[in-house]
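Trainee: Residues in the sequence shown are numbered consecutively from 712, following this note's numbering. Backbone N, C-alpha and C define an ideal beta-carbon position, used for all residues, glycine too. These numbers come from a predicted model, not from an experiment. Handing you this structure, nothing more for now.
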Amino acid sequence: MGESFLSQVPMSQLHRLTQLYFSHFHPSCLILDENHFYSSVLNQAININFAESMDTCVVLLVCALGAVAARFLGFDEWGTESKENTGFTFFSLAQDMLRDLETADWASVQCLVLSGLFYTSKLRPYDAWRCIHRACCSVLILVRLQDRLDAHEVQLLWITYLQESQLLAEYDFPSSGLGKVAGSFLLPISPDTATDPRLAQYQFYFLSLITVKKLGNRILYYMYRRDKQQNHDFRSPINSPAFDRPSMFLSASRSRIEELNRQLEEWREGLPDCLEFPAYSSSQDVSTGPFEPRPAEERLRGHLMARYYHIKSILYRPFIYRALHYDYTSTMLSEEDLEGARIAVRSSFLSTYHSGLFHEPLPLVLNPLSSWRSLFELEVQIAFCKKQDRTNFALPREWRMTRRLRQRVAADASHSCPTVWRDSEVLGRV
């Protein structure tokens, strides 16, 4: 079936789909080596007339993702397919092959991560996790069998870890344990970056993403951890009716917030020229014009900016809790507290904005599931700040835009992703 279907696809169309994959999905997630794909994988699949093989499976998955990009970038030949079905013909054939061919090797890991990426573009978090979890388990087997990993294998290990960690950050899925192993491997450095400036930029982006992920984990640990003994001791105050859960946020020290913010700014200042962006500013303008495809460089920079603002929002979140739970009958909040709450909510807004959610179709956003959950967090913060006149000061001036955005995204995604629909329902009640 696979060979008969692919052999009927015109070579010009096949080439366009693969190009769309490498121009849209590849820069942010270097699962494949582009030169190796065209010189070896695609040629080998054509030579065997797309018979069942791992090479054909990779080509099918690349075409499936290319079809998703084509559908939303306005290519006529894919405009007749529904949004939900775009790419599934290629994808289903690939899954049939993978079912027979999958084993504990790096080619299978590539196919599983590509499958997870496809499900993510379709806003199907559970299916994405199933594929990524299998990829993680295969990587755990491979790192124990091999004495050393080459550069691309290390790259795949870190890609798989990042894909899993992004899903686990938003959904309560079981972890594979790959995160405990990834830390013992050096960050990936491709040997081709010295001769290919474009690949060097993609590599810098990926390394920056790993380091900001580690920084985000550190901030979550030092800001919001609870003492394990206290959690499991039923005599402790945390389990008493009088325990005030926001107290853990109220107690975050300013010195700790300042130090962690310094580390975040240090990460931003260390970005290469091609990815650098200015620090947080309350006066930053935003525009939500009609969708226009952005160059890869802008999309990568935008995603790093979204991560930067998301972490800053988490870092300053204690100031929102102070504003909501402060005893205004005794004294007033300091100017520092007021500014901290404003930074938290506006950073959350800017994270959603720079993710591309305001001006790109959701499947084309680099991390659509995380971007949607960031919008969810933002709307929850806005809802609480709106409820009390005394906390209206924290609302960003563009806060009314978020409701329209949520309604648009939910309408687009409700058929394919029940999670988005349920989240939107909750926000509607709030």
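Taking the alpha helix (DSSP H) that F814 belongs to, which residues open and close that run?
Mentor: Here residue 814 turns out to be Thr, not Phe, going by the sequence shown. Run containing T814: none; DSSP gives neither H nor E here.
Trainee: Of the residues I1025, D1100, E1088 and F988, which one's Cα is nearest the Cα of A1034?
Mentor: For the residues I1025, D1100, E1088 and F988, the minimum Cα distance to A1034 belongs to D1100.
Trainee: Would the segment 821 to 829 count as touching the segment 772 to 787 if we require 3 or more Cβ pairs under 8 Å?
Mentor: Judged by Cβ distances under 8 Å, the segment 821 to 829 makes contact with the segment 772 to 787, as three or more pairs qualify.
Trainee: What is the rounded straight-line gap between the Cα of M808 and the Cα of S886?
Mentor: Rounded to whole angstroms, M808 to S886 spans 26 Å at the Cα level.
Trainee: On the CB-based measure, 16 or more other CB atoms within 10 Å of its CB, does E1071 come out buried or exposed?
Mentor: When all chains shown are included, E1071 counts as buried.
Trainee: Say whether the segment 1086 to 1101 touches the segment 853 to 860, bearing in mind that this needs 3 or more beta-carbon pairs closer than 8 Å, one atom from each stretch.
Mentor: No, the segment 1086 to 1101 is not in contact with the segment 853 to 860.
Trainee: How would you call K925, buried or exposed, if buried means at least 16 neighbouring beta carbons within 10 angstroms?
Mentor: Its Cβ having fewer than 16 others within 10 Å, K925 is exposed.
Trainee: Exposed or buried, M765, counting other C-beta atoms within 10 Å across all chains shown (16 or more means buried)?
Mentor: Buried, since its Cβ has 16 or more Cβ neighbours within 10 Å.
Trainee: Distance check for F1002 and H1126, CA to CA, integer angstroms please.
Mentor: If you take the alpha carbons of H1126 and F1002, they lie about 22 Å apart.
Trainee: In or out: L1138 buried (at least 16 other Cβ within 10 Å) or exposed?
Mentor: Buried, since its Cβ has 16 or more Cβ neighbours within 10 Å.
Trainee: By Cβ distance below 7 Å, which residues in the same chain neighbour E1109 in space, the five residues on each side in sequence not counted?
Mentor: Here the set comprises V997 and F1060.
Trainee: At the level of alpha carbons, what is the spacing between S992 and E1090?
Mentor: Answer to the nearest angstrom: the Cα atoms are 21 Å apart.
Trainee: Among P738, R855, T1102 and S966, which residue has its Cα nearest to the Cα of H1036?
Mentor: Of the listed residues, the one whose Cα sits closest to H1036 is T1102.
Trainee: Please give the ranges of any alpha helix (DSSP H) in the segment 985 to 1058, keeping only runs that are unbroken, at least 4 residues long and fully inside the region.
Mentor: Those alpha helix (DSSP H) runs which fall completely within the segment 985 to 1058 and span 4+ residues are 1007 to 1036.
Trainee: Report the rounded CA-to-CA distance for E881 versus F1087, giving the unit in angstroms.
Mentor: If you take the alpha carbons of E881 and F1087, they lie about 11 Å apart.
Trainee: Using the Cα positions of P948 and V850, report the straight-line distance between them to the nearest angstrom.
Mentor: Legend: pLDDT at P948 = 41, less than 50; position of this residue unreliable, value from coordinates given subsequently. So the two alpha carbons sit approximately 42 Å from each other.
Trainee: Of the choices E969, T1130 and Q821, whose alpha-carbon is the least far from that of I1025?
Mentor: Minimum Cα distance to I1025 is reached at E969.
Trainee: Put T831 into one of helix, strand or coil per three-state DSSP.
Mentor: Helix at T831.
Trainee: Can you tell which of F1030, Y837, Q914 and H735 has the C-alpha that lies nearest to the C-alpha of P1006?
Mentor: That would be H735, whose Cα lies nearest to the Cα of P1006.
Trainee: Only counting the same chain, and skipping five residues up and downstream in sequence, which positions put a Cβ closer than 7 Å to that of W1132?
Mentor: The residues are A1121 and S1125.
Trainee: Classify T999 as buried or exposed, calling it buried when 16 or more other Cβ atoms lie within 10 Å of its own Cβ.
Mentor: It is exposed - the Cβ of T999 has fewer than 16 other Cβ atoms within 10 Å.
Trainee: Check the C-beta distance from L898 over to I930 and give it rounded, since I have them as a contact under 8 Å.
Mentor: Not really, about 20 Å apart at Cβ, beyond 8 Å.
Trainee: For C768, which residues in the same chain have their Cβ closer than 6 Å to its Cβ, ignoring the five residues on either side in sequence?
Mentor: Same-chain partners within the cutoff: A805, M808, L809 and C822.
Trainee: Can you tell me which of the three DSSP states H844 falls into?
Mentor: Of the three classes helix, strand and coil, the one that applies to H844 here is helix, per DSSP.
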